[in-house]
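For reference, each letter of the sequence shown is one residue, going 1 to 405 in UniProt numbering. C-beta atoms are modelled at their ideal positions from N, C-alpha and C, and glycine is treated no differently. Only a predicted model underlies this, so the values are computations on that prediction, with no experimental measurement involved. Written out below as structure tokens is the structure these notes cover.
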Amino acid sequence: MNRKFFVDYVLCVARGAVWGNFVNMRSLQENGDLKVESKIEEAVAPLREKIKDLEKSFTQKYPPVKFLSEKDRKRILITGGAGFVGSHLTDKLMMDGHEVTVVDNFFTGRKRNVEHWIGHENFELINHDVVEPLYIEVDQIYHLASPASPPNYMYNPIKTLKTNTIGTLNMLGLAKRVGARLLLASTSEVYGDPEVHPQNEDYWGHVNPIGPRACYDEGKRVAETMCYAYMKQEGVEVRVARIFNTFGPRMHMNDGRVVSNFILQALQGEPLTVYGPGTQTRAFQYVSDLVNGLVALMNSNVSSPVNLGNPEEHTILEFAQLIKKLVGSGSEIQFLSEAQDDPQKRKPDIRKAKLMLGWEPVVPLEEGLNKAIHYFRKELEYQANNQYIPKPKPARMKKGRTRHN
Ligand SMILES: O=C(O)[C@H]1O[C@H](OP(=O)(O)OP(=O)(O)OC[C@H]2O[C@@H](n3ccc(=O)[nH]c3=O)[C@H](O)[C@@H]2O)[C@H](O)[C@@H](O)[C@@H]1O
């Protein structure tokens, strides 16, 4: 039975009982046996207790939240907080006992990712696009709002640029006005197709400024520039996380990134689509590691950029084979033409994060992948029940060629 219906039903029965008792009591009073008020109180008291219990059971539906004193509790804004990474960060900060405001325009974020917090006194969800200014009072801002998957950010490059430039200006303006600290979710894409391997924070990168990825790569690069301009000129406290490839539950089934594509294809017995020869490399971190790194960075005194990623590097072909094995799938591996400007190598140098934050990833790749596979299996069931089977989204191809999956 639906909860609201249940509560309405209980209240209705309660009112009926009270009214019935009231009528009875009226007659009693007329007979002069007892005072109406005391009888009503007698009848209502147990019902009041029942309603209290019901209310308590509703507040207990939330994951456990620590109690923080006023002094330690922060008001935290997470832009893009209903997205894949943002929603896991929301969970951590809520469970740590902070007050969290999630702002999302739901382009790639989903209400489902944070619905378990709706109604909690420490939580607020605002449907808002960061391209428009926002006026709220907060102590910290995690600025994550932006599509992060290549097909998503290439879908509307102008919007991606606006989100990362105007959106970041708006959030820095807010940070300046209210004296909040801002953490920018930057990306390994600022290193482009790197000529230095592994990539450390001092490397300036190798980005094609007019290629299909530029809207995101250059958007994030200028977002970093803005952070340091606000820090130098206005004294805003900034933190910059350069996030490397991340995966885990709540990635959108239609996300188009390699992990969700390969798992989805393996689970459905379809060919795993490797773009190019599969010799390009990536290093994947599990989302909980990233979230711990983001919180450690925000609360550190490190204002220069910090890489957050797992340095365990694999070729994409190795990755396809591993996912096939873990899923137990008989899918073939299909080689398609390579994506334009696709970085050929990527692996974070995380010495700075280890030294300055005491942070390093702890979730082994296979353990993380098994959790993601479990999640996607459940999602497929959910989608099937809703009669919608998602298809992996293709990335932009070289020279405008159409990709067939
Ligand atoms: O996962 C992430 O966190 C990162 O994803 C993307 O970076 P990219 O490395 O291109 O991520 P994917 O789209 O997952 O691609 C990884 C590699 O797999 C390949 N790929 C992707 C999808 C597919 O079906 N098949 C396939 O071979 C791509 O060509 C690429 O070489 C974003 O640009 C980054 O900002 C983001 O941090």
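In terms of side-chain proximity, the C-beta atom of Glu189 is found nearer than 7 angstroms to a non-hydrogen atom of ligand 1.
Rounded to whole angstroms, the gap between the alpha carbons of Tyr382 and Ala372 is 15 angstroms. A check of alpha carbon separations from Val240 across Thr225, Phe284, Ala214 and Ala339 identifies Thr225 as the nearest. Pro364 is not a Cβ neighbour of Gly256, given a cutoff of 8 angstroms. The nearest non-hydrogen atom of ligand 1 is less than 7 angstroms from the C-beta of Ser149.
Excluding residues up to 5 positions away in sequence, Asp289 lie with their Cβ nearer than 7 angstroms to the Cβ of Val362 in the same chain.
For Gly192, DSSP records a beta bridge to His206. Of Leu264, Pro63 and Glu99, the smallest CA-CA separation from Phe376 is found for Leu264.
Distance from the CA of Lys71 to the CA of Tyr142, rounded to the nearest whole angstrom, comes to 20 angstroms.
Between Val207 and Glu218, the C-beta gap is smaller than 8 angstroms, which places the two residues in contact.
Look at Pro157 here: in three-state DSSP terms it is helix.
Burial of Leu294 is indicated by the presence of at least 16 other C-beta atoms within 10 angstroms of its C-beta.
Using a cutoff of 7 angstroms, the CB of Gln280 counts as near ligand 1, since one of the ligand's heavy atoms is closer than that. Considering only Phe335, Val85 and Val100, the residue with the shortest C-alpha distance to Leu77 is Val100. Going by beta carbons, Thr160 and Tyr216 fall inside the 8 angstroms limit. By alpha-carbon distance to Leu68, the top candidate from Arg351, Met95, Glu270 and Leu336 is Met95.
Each residue's CA atom was taken as its position, placing Ile316 and Phe284 some 11 angstroms apart. Straight-line measurement puts the Cα of Asn170 at about 12 angstroms from the Cα of Ile136. The Cβ-Cβ distance between Gln140 and Arg181 falls below 8 angstroms.
Here Pro249 is not near Ile333, since their CB atoms are 8 angstroms or more apart. Counting only runs of at least 3 residues, the region 107-160 fully encloses the following beta strand (DSSP E) elements, listed from N- to C-terminal order: 123-127 and 140-143. C-alpha of Glu367 to C-alpha of Lys354: approximately 22 angstroms in a straight line. The shortest CA-to-CA distance from Gly179 to any of Val65, Pro277 and Lys74 is the one to Lys74. Per DSSP, the continuous beta strand (DSSP E) segment holding His314 begins and ends at Glu313 to Thr315. A check of alpha carbon separations from Ala148 across Val138, Thr163 and Leu134 identifies Thr163 as the nearest.
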